[in-house]
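Sequential numbering of the sequence shown, starting at 18, is according to this note's numbering.
Beneath this line is the structure, given in structure tokens, with notes to follow.
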Amino acid sequence: MSTIDKYNKYVERQRRKYNHQRGKHSHLRDSQQTKCYSAEWKYLEMYPDIKECMSKKDAEKFFKRITKSKMWKDNGWPTELVWLKDMGDRRRLNGYAQDGLVRTVSLSPSGCSKYTIIHELTHCMGYWNHDRLFRIWLVKMVSRFFGVKEAKDLKQCFKDEGLKMSKPREPLAYGQWLEKYNRLVNEN
Ligand SMILES: [Zn+2]
């Protein structure tokens with residue numbers, strides 16, 4: 018294998034380490050989902066107003082506010098809201114996100130809160146599982162659309178569950194990597 022191929026492999030490995038489940042074609046398990054949900058559950062106890070179910074009209078308004086924002090235009094993807102059939106108390110979930118040419122957030126009319134919308138839209142930014150980059154962007158979205166304190170508390174709830182929140186380190190540039198690589202080769 019050529020050195021440049023080795024470097025590319027290294028970059029790929031580094032990226033995967035932090036965002037290993039990005040994309041719908043992943044066959045890796047969404048290993049941090051349970052902890053993520055449990056952190057969110059504790060978080061929403063602190064902010065009952067953002068977990069309250071909204072009317073369809075209010076939900077559509079809030080959805081639009083986000084998808085028309087600059088933040089969304091810079092970081093998001095064309096995404097539409099789809100209403101699920103209202104199952105009342107028998108509903109199995111409040112919402113889910115799906116990939117596509119136009120991505121969709123499907124919401125249950127009887128369980129649709131501001132928080133559900135933010136969470137599902139963050140998936141539609143391309144972070145399909147609940148790993149570190151998803152959480153980092155979720156906190157950014159909460160900061161932008163709910164407030165700084167709300168974001169800080171959410172971050173803390175994730176940390177309390179033992180979930181990492183620091184920004185992933187960028188892989189080494191080729192020159193730096195080569196230096197390190199040569200050193201290792203010479204040592205052996
Ligand atoms: Zn999710």
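Note that the Cβ used here is the ideal one computed from N, Cα and C, for glycine as well.
So, at 8 Å on beta carbons, what are the nonlocal neighbours of residue i in its own chain, with the 5 sequence-adjacent residues on each side left out?
i      : result
Arg108 : Leu101, Ser125, Ser127 and Gly128
Thr20  : Leu195 and Tyr198
Considering only C-alpha positions, which residue in the set the options is nearest to residue i?
i      : options                           : result
Glu187 : Met88, Arg32 and Thr20            : Arg32
Lys81  : Lys131, Ser183, Tyr191 and Lys172 : Lys131
Tyr24  : Phe175, Ala190 and Lys52          : Ala190
Met158 : Asp75, Tyr113, Ile134 and Lys59   : Ile134
Lys52  : Ala168, Arg152 and Trp94          : Arg152
Lys85  : Phe162, Met18 and Glu178          : Phe162
Glu178 : Ser55, Lys90 and Ala76            : Ser55
Beta strand (DSSP E) containing residue i: first to last residue?
i      : result
Ser123 : Arg120 to Leu124
Leu189 : Note, Leu189: premise wrong, no beta strand (DSSP E); not H, not E.
What are the start and end residues of the alpha helix (DSSP H) that includes residue i?
i      : result
Trp154 : Arg149 to Phe162
Tyr281 : Nothing about residue 281 can be read from this structure; the chain reaches only from 18 to 205.
Lys206 : A question about residue 206 goes unanswered here, because the residues of the chain that appear run from 18 up to 205.
Asn92  : Lys87 to Asn92
Looking only at DSSP bridge pairs, what is residue i linked to?
i      : result
Trp100 : Leu124
Gln115 : Thr121
Using a Cβ-Cβ cutoff of less than 7 Å, which residues in the same chain neighbour residue i once the five nearest sequence positions on both sides are dropped?
i      : result
Gln49  : His147, Asp148 and Leu180
Lys172 : Val156 and Met182
Within a Cβ cutoff of 6 Å, which residues of the same chain sit near residue i, ignoring the five residues on either side of it in sequence?
i      : result
Ala114 : Val122, Glu137, His140 and Cys141
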